[in-house]
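**Student:** Right, I'll just put the structure down here and ask away after.
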Amino acid sequence: GENVEQHPSTLSVQEGDSAVIKCTYSDSASNYFPWYKQELGKGPQLIIDIRSNVGEKKDQRIAVTLNKTAKHFSLHITETQPEDSAVYFCAARDQAGTALIFGKGTTLSVSS
Amino acid sequence: GAGVSQSPSNKVTEKGKDVELRCDPISGHTALYWYRQSLGQGLEFLIYFQGNSAPDKSGLPSDRFSAERTGGSVSTLTIQRTQQEDSAVYLCASSLARNRDDTEAFFGQGTRLTVV
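Below you can see the structure in the form of structure tokens.
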């Protein structure tokens, strides 16, 4: 089955800096890669996702890149703000409707 | 409501008791997932439903755990003879999953289970 590794487990940056979180996956059949943000006491919320037919996707300050050959994908947050502080999870899935397999999460702290 | 609803939000139970956790998915969502999140840990997959059937139960940690879904809507996760290691936040998610593009999963707030 799918296995997703995520690093770093914690990341501290200054406001305005960029943050990068990286994930690798094991199943070459996986074709959907979402990123979720979880704030304290809340359920995870989707912030961006990418499918295997594209290499990069951007949404304002957030971007995701995918390298299918190397089986890794990354989340990039530019111009970080204190409200970006949260736990971020990457995930992978091989086809619509099957289970998302998550990484262990990265705790991002943005200090002002 | 518009989102995934889970109840109760918090549950404290004595070791050895049975508990039931409920999930109301978004209306019309055919796929439903249960995950477990232990303190400071990632999301551990438990079980996935497509309609009322569960094609993937591979994540259930033991035979004390079971889940059902009725009417293609509400799902109940049951833990029998609870143990302290069952203490965690149990998260439910749903997605449309009509085709390969209906992939976004929406999560509920979770049920925090504490076994004492």
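Residue numbers (the numbering used here), protein chains in the order written: chain A, 5 to 116; chain B, 404 to 519.
Positions of the beta carbon are idealized from the N, C-alpha and C atoms, including for glycine.
These numbers come from a predicted model, not from an experiment.
1) What are the boundary residues of the beta strand (DSSP E) that includes alanine 96 of chain A?
2) Below 8 Å on the Cβ atoms is my guess for alanine 95 of chain A versus isoleucine 81 of chain A; work out the distance and round it to an integer in Å.
3) To which residues of the same chain is lysine 41 of chain A closer than 6 Å at the C-beta, ignoring the five residues directly before and after it?
4) Closest Cβ-Cβ distance between tyrosine 29 of chain A and chain B: below 9 Å?
5) Counting C-beta neighbours from all protein chains within 10 Å, is the total for asparagine 35 of chain A 16 or more, i.e. buried, or is it exposed?
6) Touching or not, the region 448-459 of chain B and the region 428-437 of chain B, by the rule of three or more beta carbon pairs under 8 Å?
7) Against chain A, with Cβ distances strictly below 9 Å, would glutamate 471 of chain B count as a contact?
8) Cβ atoms of leucine 44 of chain A and valine 58 of chain A: under 9 Å apart, would you say?
9) Quick check: the region 417-429 of chain B against the region 467-481 of chain B, are at least 3 beta-carbon pairs closer than 8 Å?
**Tutor:** On the basis of the supplied data:
1) Walking along the first sequence from the start, residue 96 of chain A turns up at place 92. Run containing alanine 96 of chain A: 90-96, per the beta strand (DSSP E) assignment.
2) Looking up residue 95 of chain A in the first sequence gives position 91. Looking up residue 81 of chain A in the first sequence gives position 77. In fact, because the Cβ distance is near 17 Å, the residues do not count as touching under 8 Å.
3) As a working mapping, residue 41 of chain A is identified with position 37 in the first sequence. Same-chain partners within the cutoff: Gln49, Ile51, Ala90, Tyr92.
4) Within the first sequence, residue 29 of chain A is the residue found at index 25, counting from 1. False, the Cβ-Cβ gap to chain B never drops below 9 Å.
5) Indexing the first sequence from 1 puts residue 35 of chain A at position 31. By the neighbour-count rule (16 or more Cβ atoms within 10 Å), asparagine 35 of chain A is buried.
6) yes
7) If you number the second sequence from 1, residue 471 of chain B lands on position 68. No, glutamate 471 of chain B does not count as interfacial toward chain A.
8) The sequence position of residue 58 of chain A within the first sequence is 54, counting from 1. The sequence position of residue 44 of chain A within the first sequence is 40, counting from 1. Taking 9 Å as the Cβ cut-off, valine 58 of chain A and leucine 44 of chain A do not qualify as a contacting pair.
9) yes
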